[in-house]
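Take a look at the structure set out below.
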Amino acid sequence: MKVLMFGWEFPPFSRGGLGTACYGLTKGLTNNGVNVIFVVPRGAAEQGSHVDLIVADRLYIDNPKLKLRLINSPLFAYQSQEEYNNELKKLKQKLGPGFNEEIYGRDLFDEVEKYSEKAKIIASFEDFDIIHAHDWMTFRAGLKAKQVSNKPLVVHVHATEFDRTGGNPNQYVYNIEREGLHAADKIIAVSNYTKNKIINHYAIEPDKVEVVYNAIEPNKDMQIKRDIGESEKTVLFLGRITLQKGPDYFIEAAHRVLQFDPNVKFVVAGSGDMYGRMINRAAELGIGHKVLFTGHLSPKEVKKAYQLADLYVMPSVSEPFGITPLEALNNKTPVIISKQSGVSEVLKNALKVDFWDINEMTNKILGVLNYPSLNDTLVSEGSEEIQRFSWDTAAQTCMNIYSSLQTVGI
Amino acid sequence: MENVCFYFQVHQPFRLRRYSIFDIGSNSNYFDDLKNERIMRKVAKKCYLPINNLILKLIKETQGRFKVAYSITGTALEQFEKYTPEVLESFKQLNKTGCIEFLSETYYHTLSFLYSKEEFREQVEHHKLKIMSLFKQSPIVFRNTELIFNNELAHVVEKMGYKVILAEGADHILGWRSPNYIYIAKTAENIRLLLKNYKLSDDIAFRFSNRGWEEWPLTSEKFAAWVSATQGHVINLFMDYETFGEHQWEDTGIFNFMKSLPFDLLKRNISFKFPSDFADVEPVAELDIHSPVSWADIERDLSAWMGNKMQENALRELYVLEKAVKSTNDPQIIEKWRKLQTSDHFYYMCTKWFADGDVHKYFNPYDSPYDSYISFMNILNDLVRMINNENRGGFTEKPSILLAKS
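Here the protein sequences come in this chain order: A and B.
Okay, so the first sequence: first residue is 81 according to this note's numbering, each after it adds one.
Okay, so the second sequence: first residue is 1205 according to this note's numbering, each after it adds one.
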């Protein structure tokens, strides 16, 4: 079986769960003997010291099952209009007179369209059985590939525009999502939570949507963690500082926790459009000295942040899946997760709160920090439980979906 | 087989509220009265009232040849008095037939035997007084919480004057032996040990409605034939009373099964006995049971209540308070502390099989074992605060759970 996959990002450098998920799934598929042609925007691939990282990664070398196809484009996942314009400017500077206006889109949406035209060309000469596209930016690409090849299209929804915007979707993005969902032969949702969003907001028949939960690669080199003598405890937020991730609820809970116990430190790791606002809010509450903003972290730093933390909190307003709690547990850190998340459907050994329930969040944070047995039990049961979240299993479910589409002969 | 001994366990805990850190110091009501009342009314209607009626009818129809033993916890009795007095009344009616035996246990259905012998004795005494005042019976048979048993218990309980004690007939204590004989614990002089026949008991209590079971549907005829074909002194059928109508719903046919079972057994010349009827029967062998055995889960050990660190910690922190609690001489504080000892609170914290979404869940009023632990520990913090207020200066043991602010 050969899959033409339109993916995003190359870990270890990635902006979020989407890249991690694409990577894990691709690995699971190739492990199970599936051939994957992995198409990504070169913009994403060349971020930072990217090319070296790709080469260093075992997934991409000596793997006869995986073929990389880079498309010239400054697109990357979770990109906003503004960010696209910045990328374009950088590219212009870098290429100087070599910059060809014709090749790149005037704005983000124009570029998405251009990208899909390039995808069409790839689809016309590559040999494959199934098309698999991840999230809205690649939906048009998937669609064009389907038109030119007549092969079945699977679209994979890691997040909808409703999750990202807290219910105020950009009409253009919504239209692309809707078109892709309707044109697809099968839809994969990362949770029932997301499946319901797809059914309710995009008018899709429930039978067309299958749930495939994300997974994690077990952490083999996990070291013994943190200094027990540490008197100040650390609570971690890690993710994009955007409305979707609920950083504001985290700050409010921090404020209440500190009223009970001043010996707690809060770390906010990540960047995003609410970054400045959050720093101001912490200052306004008089807890600026207790809340550390780290900005964007490298993968190594992320791992260290998990390991240094006594507790990880994911207060997302709307989280289609949420891989980070699994990563935290993989680093032996207990987790509090929002009930408005896909991962809370499957992860049992976690504390769960409604994202808006700041008092309950405070109660649970203090519970973990004050009662060591709670911490111990969450970690020992949780790190055992996450062994069940395997990319191989997720890949096998995808393969069943591929086969069902092939036998129907679409 | 000539004898069958039925013993039914009747128990309801005082369930706790969801108690947050914000409640500490401002809310001294730990118990979810509304929920407790709602559950008592529901179980009374589905289980206690109909099954009591049926038992009464069976006793009358068999002219008193059918008889059963009950162990009713103090926390259940108090809630009958408070919420469903008609249930208590129906137990009194049953008692008048003379075909009912009441057993002794810890008033609050606790694990106190494992933590404080003194507290254990006080609770057993308390329970005995309650049974005497309500039913005018003075029990000579003892059953410990969740049928937890070991050598030491037999010894302690014998010293307290009991003649018979009950335990689980677990494979790992019996080996090749049969549970259908009278035994004696190695440490005991006289007290007789009756063992639950878990196979036949669980056929009724757990497997009855299981359509995947090869013996389904279980008829009273078939069951009586199994009993009849067995060798020994007695088949001990020990189970939760809530089996009837609550664990096995009425539409499974459990009431109809029970309606005909006594007659099918009597037809085969099998008699019904009280546990106390075996107080003078010569034991067939000594059993040496060091580590505690219970009737819970497949492990039949203490892991349902003491299997993880949260459970161990909560129990330890609770019992550490014993002296401080008692030195307050405040009956309200002492009663609260005792209600917190009810084993159910620790069962809710069990993480065994949690990831598989298991049966423990059905009985758990909390979203997760972790939520129940947090509520419990917050309550304990409030209790410590109250004790400290009462014992100003007199209380020197500093519990490890104190929060920075309280």
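No residue lacks a Cβ here, since even glycine has one placed at the ideal position from N, Cα and C.
For ASN429 of chain A, the nearest CB of chain B lies under 8 Å from its own CB, placing it at the interface with that chain. Beta-bridge pairing by DSSP links ASP1444 of chain B to B:GLN1213. GLU332 of chain A has a beta carbon lying at 8 Å or more from every beta carbon in chain B.
Proximity of chain A to SER1576 of chain B at the Cβ level (cut-off 9 Å) is not reached, the minimal Cβ distance being about 11 Å. For ALA349 of chain A and GLY319 of chain A, the gap between their C-alpha atoms comes out near 6 Å. ALA1500 of chain B and ALA1508 of chain B do touch by the CB rule: their CB atoms are close to 4 Å apart, below 8 Å.
DSSP, reduced to helix, strand and coil, places LYS82 of chain A within a strand of the structure shown. Contact fails between the segment 198-210 of chain A and the segment 167-177 of chain A, because fewer than three Cβ pairs, one in each stretch, are under 8 Å apart. Taking CB atoms only, LYS412 of chain A has no neighbour in chain B less than 8 Å away. Following the DSSP letters along the chain, one finds TYR273 of chain A in no beta strand (DSSP E) but inside the alpha helix (DSSP H) bounded by residues 272-282. By the C-beta criterion, the segment 1443-1456 of chain B is judged not to be in contact with the segment 1371-1382 of chain B, since fewer than 3 inter-stretch pairs fall below 8 Å. Between VAL291 of chain A and the set A:ARG220, A:VAL426, A:ASP390, the nearest pair of CA atoms involves A:VAL426. Within the same chain, LEU1525, ALA1528, VAL1529, THR1532, ILE1537, PHE1599 come within 8 Å of ILE1591 of chain B by CB-CB distance, once the 5 residues on both sides are set aside. Judged by DSSP secondary structure, GLU206 of chain A falls outside any alpha helix (DSSP H); it is assigned neither H nor E. Spanning the alpha carbons of LEU449 of chain A and LYS313 of chain A requires a straight line of approximately 7 Å. Just so you know, the alpha carbons of LYS288 of chain A and LEU233 of chain A end up roughly 12 Å apart. For GLY375 of chain A, the enclosing beta strand (DSSP E) starts and ends at 371-375. Look at the segment 243-277 of chain A: it has no residue with a C-beta under 7 Å from a C-beta of chain B. Take ALA239 of chain A, set aside five residues on each side of it, and the residues of its chain with a beta-carbon closer than 7 Å to its own are ASP215, PRO400, in chain order. Listed in chain order, the positions of the segment 1578-1593 of chain B with a beta carbon within less than 7 Å of a beta carbon of chain A are ILE1578, MET1581.
An exposed status is given to LEU1333 of chain B, since fewer than 16 other beta-carbon atoms sit within 10 Å of its beta-carbon. Close CB contacts of GLU193 of chain A within its chain, under the 7 Å cut and outside five residues either way in sequence, are with GLY185, ARG220 (chain order). For LEU1525 of chain B, no alpha helix (DSSP H) encloses it, and the DSSP letter there is neither H nor E. Two segments are said to touch when three or more pairs of C-beta atoms, one from each, lie closer than 8 Å; by this definition the segment 1335-1348 of chain B touches the segment 1302-1310 of chain B. In the structure shown, GLU1305 of chain B adopts extended strand secondary structure according to DSSP, grouped into three states. Counting along the chain, no alpha helix (DSSP H) covers PRO249 of chain A, and no H or E run does either. In this structure, TYR1223 of chain B places its C-beta atom within 8 Å of the C-beta atom of ASN1582 of chain B.
Between the C-alpha atoms of GLU364 of chain A and GLY352 of chain A there is a straight-line separation of about 20 Å. Neighbourhood of ASP1571 of chain B in chain A, by CB distance below 7 Å: LYS432, in chain order.
Between LEU406 of chain A and VAL423 of chain A, the CB-CB gap stays under 8 Å. The Cβ of LEU458 of chain A sits closer than 8 Å to at least one Cβ of chain B. Contact annotation: the segment 463-476 of chain A does not touch the segment 1413-1421 of chain B, with fewer than three C-beta pairs closer than 8 Å.
Around the beta carbon of SER1495 of chain B, a 10 Å sphere encloses fewer than 16 other beta carbons of the protein chains shown; the residue is thus reported as exposed. Residue environment analysis places TRP1541 of chain B among the buried positions, since at least 16 neighbouring C-beta atoms fall within 10 angstroms of its C-beta. DSSP, read as helix, strand or coil, puts HIS214 of chain A in strand. Considered as a whole, the segment 1406-1454 of chain B harbours 1439-1444 as its complete beta strand (DSSP E) runs of no fewer than 3 residues, in chain order.
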